[in-house]
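A quick write-up on the structure given underneath.
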Amino acid sequence: MTEKNQKIVRSKVAIERHYLPVEIRNKNFEEVNLGYLELEEVIKECERCYQCFTERDPEIKPPPCMKYCPTHCNSREIIRNVLDGEIDEALKIIYKHYPFPRSVERVCPGYCQLHCTAGKNGDPIQIPMIKRFLVDNYGPLEDYFRCNPDIGKKIAILGSGPLGLTVAFYLRKYGINVTIFEKMDIIGGMLTTEIPEFRLPRSILNTEIENLKLCGIEIFTNKSIDKDFGINQIFESNYHAIVIGIGTQKARWLKLPGEDSRIVVQALKFLKSFNLRENIPDLDNKKVVVIGGGSTATDAARVAKRLGADVSILYRREKEHMPAGKAEIEDTENEGIHIEFLINPKEFYCLEDESQRIVCQRTKLGDIDASGRPTPILIEDIEIVVEADYIVEAIGQETDLSGFDTNKFKITKSNTFVINEKFFTSVPKVLAGGDCVLGSKSVVDAVAHGKLIADQIYEFLK
27 MTEKNQKIVR SKVAIERHYL PVEIRNKNFE EVNLGYLELE EVIKECERCY QCFTERDPEI
87 KPPPCMKYCP THCNSREIIR NVLDGEIDEA LKIIYKHYPF PRSVERVCPG YCQLHCTAGK
147 NGDPIQIPMI KRFLVDNYGP LEDYFRCNPD IGKKIAILGS GPLGLTVAFY LRKYGINVTI
207 FEKMDIIGGM LTTEIPEFRL PRSILNTEIE NLKLCGIEIF TNKSIDKDFG INQIFESNYH
267 AIVIGIGTQK ARWLKLPGED SRIVVQALKF LKSFNLRENI PDLDNKKVVV IGGGSTATDA
327 ARVAKRLGAD VSILYRREKE HMPAGKAEIE DTENEGIHIE FLINPKEFYC LEDESQRIVC
387 QRTKLGDIDA SGRPTPILIE DIEIVVEADY IVEAIGQETD LSGFDTNKFK ITKSNTFVIN
447 EKFFTSVPKV LAGGDCVLGS KSVVDAVAHG KLIADQIYEF LK
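Numbered by the numbering used here, the letters in the sequence shown go through residues 27 to 488 in order.
Okay, here's the thing in structure tokens:
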């Protein structure tokens with residue numbers, strides 16, 4: 027039998043990743059998912075890849091991992107290069123799509139894995155972990171810091187989160203000068219304020235931000251459009267275009283009775299307080315209830331657990347409908363955090379020196395709504411009382427439009443900017459992208475927008 031006709035037998039089981047043991051992680055904030063530790067592990071995982079459509083034109087039918095990745099990163103080619111021993115070639119593909127991949131791969135929800143061919147009859151290929159190992163151990167390449175000659179143009183970017191940093195990096199590669207104006211006194215946006223260190227170590231994020239600065243990106247902190255300057259003032263300073271990448275930093279409230287108590291807080295505020303080490307609440311031996319099902323909810327719950335609390339999460343749908351990533355949900359449950367499904371808060375009873383509790387209603391699932399998930403329907407006759415010393419709401423967030431003239435900017439009902447197919451807003455020479463256009467999405471979605479916006483600006487300036 028010829029080699030061409032031989033049937034290749036691939037393992038259906040992924041090479042096991044390394045994790046910090048639960049009994050250790052609940053007592054500190056060290057990174058939990060350690061990924062792969064040896065190149066041999068990565069190669070074995072790569073050998074499980076089917077190399078989809080390698081004999082066809084990838085432009086006609088790209089592999090699923092590439093098609094469903096927001097950045098359209100060709101992970102199949104990365105894996106092929108690893109198997110051929112061409113690590114530098116694999117890195118070139120990664121850095122073509124992500125300017126700070128060590129951070130991205132740690133928080134990426136893995137859209138590529140959800141559609142991986144290997145995952146149809148076994149475990150999907152652990153693509154983010156493969157890329158993470160490569161950039162952790164071999165990146166960045168020397169070319170990372172090389173930029174084209176200055177073309178005499180400069181761009182202003184509002185916000186230093188994933189969108190702003192990505193736009194800035196790729197514009198610098200084109201030889202365009204960039205200034206980022208950040209509202210807070212720290213750089214990184216949601217990467218810094220929302221994501222705990224056990225998912226994204228601050229040392230890794232800070233290293234990648236410093237690398238971006240070395241490419242010639244100018245960043246000013248404590249500069250806010252609603253206090254320090256306006257759109258017109260920026261253009262008067264001879265900037266050729268402005269990019270809005272301010273994310274969704276404004277939390278939504280449930281608007282329930284009793285919500286004004288001091289023990290009811292927003293998850294964004296709670297995570298920011300912890301990540302910046304400002305006014306961290308004493309939760310030792312306290313009952314903490316987190317309301318919501320996204321990554322912000324699981325992050326808040328896991329932080330509270332590490333601060334010594336007895337933590338539970340309330341979610342109004344079933345587990346499979348939670349917006350949080352599968353790995354985040356598994357880690358949350360493994361760390362001893364109970365998730366109660368099909369339950370919805372109705373009212374808070376929060377007396378300063380007496381019992382504090384949440385009156386909840388059971389829900390059942392109805393028709394599919396605009397989010398693609400079943401609508402939770404309240405069951406009126408069933409109420410449940412949940413005791414709580416501290417309540418954290420994580421039910422969504424939106425863009426803070428303070429400082430923007432909404433008579434000039436077209437805004438959606440969800441408080442996001444309306445853009446055209448080239449990312450331009452209704453205000454001339456002003457573009458927008460990331461969460462302030464998409465609503466709350468993942469870091470990799472913002473990075474994908476950032477690369478496209480940089481390309482559009484370069485074409486516009488030419």
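All C-beta atoms, glycine included, are put in the ideal place defined by N, C-alpha and C.
Self-check item: residue 323: first and last residue of the uninterrupted alpha helix (DSSP H) it sits in
Solution: Translated into positions along the sequence shown, residue 323 becomes position 297. Segment 321-332, the alpha helix (DSSP H) holding residue 323.
Quiz item: Taking residue 68 as the reference, which of 158, 218 and 417 has the closest Cα?
Solution: Stepping through the sequence shown from its first residue, residue 68 is reached at position 42. The shortest C-alpha separation from residue 68 is found at 158.
Exercise. Please go through the same chain and pick out, in chain order, the residues whose beta-carbon is closer than 7 angstroms to the beta-carbon of residue 284, but skip the five residues on each side of it.
Key: If you number the sequence shown from 1, residue 284 lands on position 258. 373, 374, 375 and 376, listed in sequence order.
Quiz prompt | Where residue 220 sits in the DSSP three-state scheme | solution = Looking up residue 220 in the sequence shown gives position 194. Reduced to three states, the DSSP call for residue 220 is coil.
Practice problem: Report buried or exposed for residue 362, applying the criterion of at least 16 other Cβ atoms within 10 angstroms of its Cβ. | Solution: Within the sequence shown, the letter at position 336 stands for residue 362. Looking at its Cβ environment, which holds fewer than 16 other Cβ atoms inside 10 Å, residue 362 is exposed.
Exercise. Can you grab the Cα-Cα spacing for the pair residue 28 / residue 301, in whole Å?
Key: Here residue 28 corresponds to residue number 2 of the sequence shown, with the count starting at 1. Here residue 301 corresponds to residue number 275 of the sequence shown, with the count starting at 1. Residue placement at residue 28 is flagged as unreliable, the pLDDT there being 40, under the threshold of 50; the coordinate-derived value follows with that caveat. Answer to the nearest angstrom: the Cα atoms are 59 angstroms apart.
Quiz item: By a C-beta neighbour count over all protein chains shown, 10 Å radius and 16 as the cutoff for buried, is residue 475 buried or exposed?
Solution: Within the sequence shown, numbered from 1, the residue matching residue 475 stands at position 449. Under this definition residue 475 is a buried residue.
Quiz item: Using DSSP with H/G/I as helix, E/B as strand and the rest coil, what is residue 476?
Solution: The sequence position of residue 476 within the sequence shown is 450, counting from 1. The answer is helix: DSSP assigns residue 476 an H, G or I state.
Exercise. Could you tell me if residue 123 is buried or exposed, where buried requires 16 or more neighbouring beta carbons within 10 angstroms of its beta carbon?
Key: Numbered from its first residue, the sequence shown carries residue 123 at position 97. So residue 123 ends up on the buried side.
Self-check item: residue 131 - containing beta strand (DSSP E), residue span
Solution: Walking along the sequence shown from the start, residue 131 turns up at place 105. Per DSSP, residue 131 belongs to no beta strand (DSSP E); it is in the alpha helix (DSSP H), 127-133.
Practice problem: Using 10 angstroms around the beta-carbon of residue 349, count the other beta-carbons present and answer buried if the total reaches 16, otherwise exposed. | Solution: As a working mapping, residue 349 is identified with position 323 in the sequence shown. Buried, by the Cβ-count rule.
Exercise. Pick helix, strand or coil for residue 469, following the three-state DSSP scheme.
Key: Within the sequence shown, the letter at position 443 stands for residue 469. Correct three-state label for residue 469: helix.
Self-check item: Through-space distance from residue 74 to residue 418, alpha-carbon basis
Solution: As a position in the sequence shown, residue 418 is number 392, starting the count at 1. As a position in the sequence shown, residue 74 is number 48, starting the count at 1. Whole-angstrom Cα-Cα distance: 42 angstroms.
Quiz item: What is the rounded straight-line gap between the Cα of residue 31 and the Cα of residue 461?
Solution: If you number the sequence shown from 1, residue 31 lands on position 5. If you number the sequence shown from 1, residue 461 lands on position 435. Model confidence at residue 31 stands at a pLDDT of 46, short of 50, so the residue's coordinates are unreliable and nothing is read from them.
Exercise. Return helix, strand or coil for residue 418, following the three-state DSSP convention.
Key: On the sequence shown, residue 418 is found 392 positions in, with the first residue counted as 1. Note: residue 418 maps to strand in three-state DSSP.
Quiz prompt | Cα-Cα separation, residue 487 to residue 367 | solution = Counted from its first residue, the sequence shown places residue 487 at position 461. Counted from its first residue, the sequence shown places residue 367 at position 341. Each residue's alpha carbon lies about 52 angstroms from the other.
Quiz prompt | Exposed unless 16 or more other CB atoms sit within 10 angstroms - verdict on residue 233 | solution = Sequence index remark: in the sequence shown, residue 233 carries index 207 (1-based). Answer is exposed; the Cβ neighbour count stays below 16.
Exercise. Evaluate contact between the region 101-109 and the region 168-184, counting only Cβ atoms and requiring at least three cross-stretch pairs below 8 angstroms.
Key: no
Quiz prompt | Separation of residue 208 from residue 186, as counted between CA atoms | solution = Along the sequence shown, one-based indexing puts residue 186 at 160. Along the sequence shown, one-based indexing puts residue 208 at 182. Going from the Cα of residue 186 to the Cα of residue 208 covers about 6 angstroms.
Quiz item: By Cβ distance, which residues of its chain are closer than 7 angstroms to residue 311, with the 5 residues on each side in sequence left out?
Solution: In the sequence shown, residue 311 corresponds to position 285, counting from 1. So the qualifying residues of the chain are 334.
Quiz prompt | Own chain residues within Cβ distance below 7 angstroms of residue 162, not counting five before or after | solution = Taking the first residue of the sequence shown as 1, we reach residue 162 at position 136. These residues qualify, in order along the chain: 128.
Practice problem: Along the alpha helix (DSSP H) that carries residue 66, what are the first and last residues, could you check? | Solution: Your numbering for residue 66 matches position 40 in the sequence shown. Element bounds for residue 66: 65-72.
Quiz item: Three-state secondary structure (DSSP) at residue 392?
Solution: As a first step, residue 392 must be located in the sequence shown, where it is residue number 366. Reduced to three states, the DSSP call for residue 392 is strand.
Exercise. Could you work out which residue in 95, 52 and 442 is closest to residue 271 when comparing CA atoms only?
Key: To locate residue 271, count along the sequence shown from 1; it is residue 245. When 95, 52 and 442 are compared, the shortest CA-CA separation from residue 271 is found for 442.
Practice problem: Give the range of the beta strand (DSSP E) segment to which residue 243 is assigned. | Solution: Indexing the sequence shown from 1 puts residue 243 at position 217. Counting along the chain, residue 243 falls outside any beta strand (DSSP E), and DSSP gives it neither H nor E.
Quiz item: Leaving out the 5 sequence neighbours to the left and right, which residues in its chain are closer than 6 angstroms to residue 434 when beta-carbon positions are compared?
Solution: Position 408 of the sequence shown, counted from the start, is the residue given in the question as residue 434. Same-chain partners within the cutoff: 453.
Exercise. Give the straight-line distance between the Cα atoms of residue 416 and residue 167, rounded to the nearest whole angstrom.
Key: Within the sequence shown, numbered from 1, the residue matching residue 416 stands at position 390. Within the sequence shown, numbered from 1, the residue matching residue 167 stands at position 141. Near 47 angstroms, if we compare the C-alpha coordinates of residue 167 and residue 416.
Exercise. Could you pull the start and end residues of the beta strand (DSSP E) that residue 205 belongs to?
Key: To locate residue 205, count along the sequence shown from 1; it is residue 179. First-last of the beta strand (DSSP E) with residue 205: 203-207.
Practice problem: Take every Cβ of the region 327-345, pair it with every Cβ of the region 391-404, and state whether three or more of those distances are shorter than 8 angstroms. | Solution: yes
Quiz item: Starting from residue 315 and walking both ways along the alpha helix (DSSP H), at which residues does that stretch end?
Solution: Residue 315 sits at position 289 when you count from the first residue of the sequence shown. No alpha helix (DSSP H) holds residue 315; the beta strand (DSSP E) holding it covers 313-317.
Self-check item: Rounded C-alpha distance that separates residue 42 from residue 146
Solution: Position 16 of the sequence shown, counted from the start, is the residue given in the question as residue 42. Position 120 of the sequence shown, counted from the start, is the residue given in the question as residue 146. Distance between the alpha carbons of residue 42 and residue 146 is about 18 angstroms.
Practice problem: Quickly, what does DSSP pair residue 404 with across the bridge? List them, please. | Solution: Taking the sequence shown and counting its residues from 1, one reaches residue 404 at position 378. For residue 404, which the question treats as bridged, DSSP gives the partners 389.
Quiz item: Can you pull the DSSP bridge partners for residue 458?
Solution: Along the sequence shown, one-based indexing puts residue 458 at 432. Answer is 270.
Quiz item: Exposed or buried, residue 303, counting other C-beta atoms within 10 Å across all chains shown (16 or more means buried)?
Solution: Translated into positions along the sequence shown, residue 303 becomes position 277. Residue 303 counts as exposed, since fewer than 16 other C-beta atoms from the protein chains shown sit within 10 angstroms of its C-beta.
Exercise. Go through its chain and collect everything with a Cβ distance to residue 425's Cβ below 8 angstroms, but skip five positions before and after it.
Key: Stepping through the sequence shown from its first residue, residue 425 is reached at position 399. The residues are 272, 273, 274, 275, 276, 441, 442, 443, 461 and 462.
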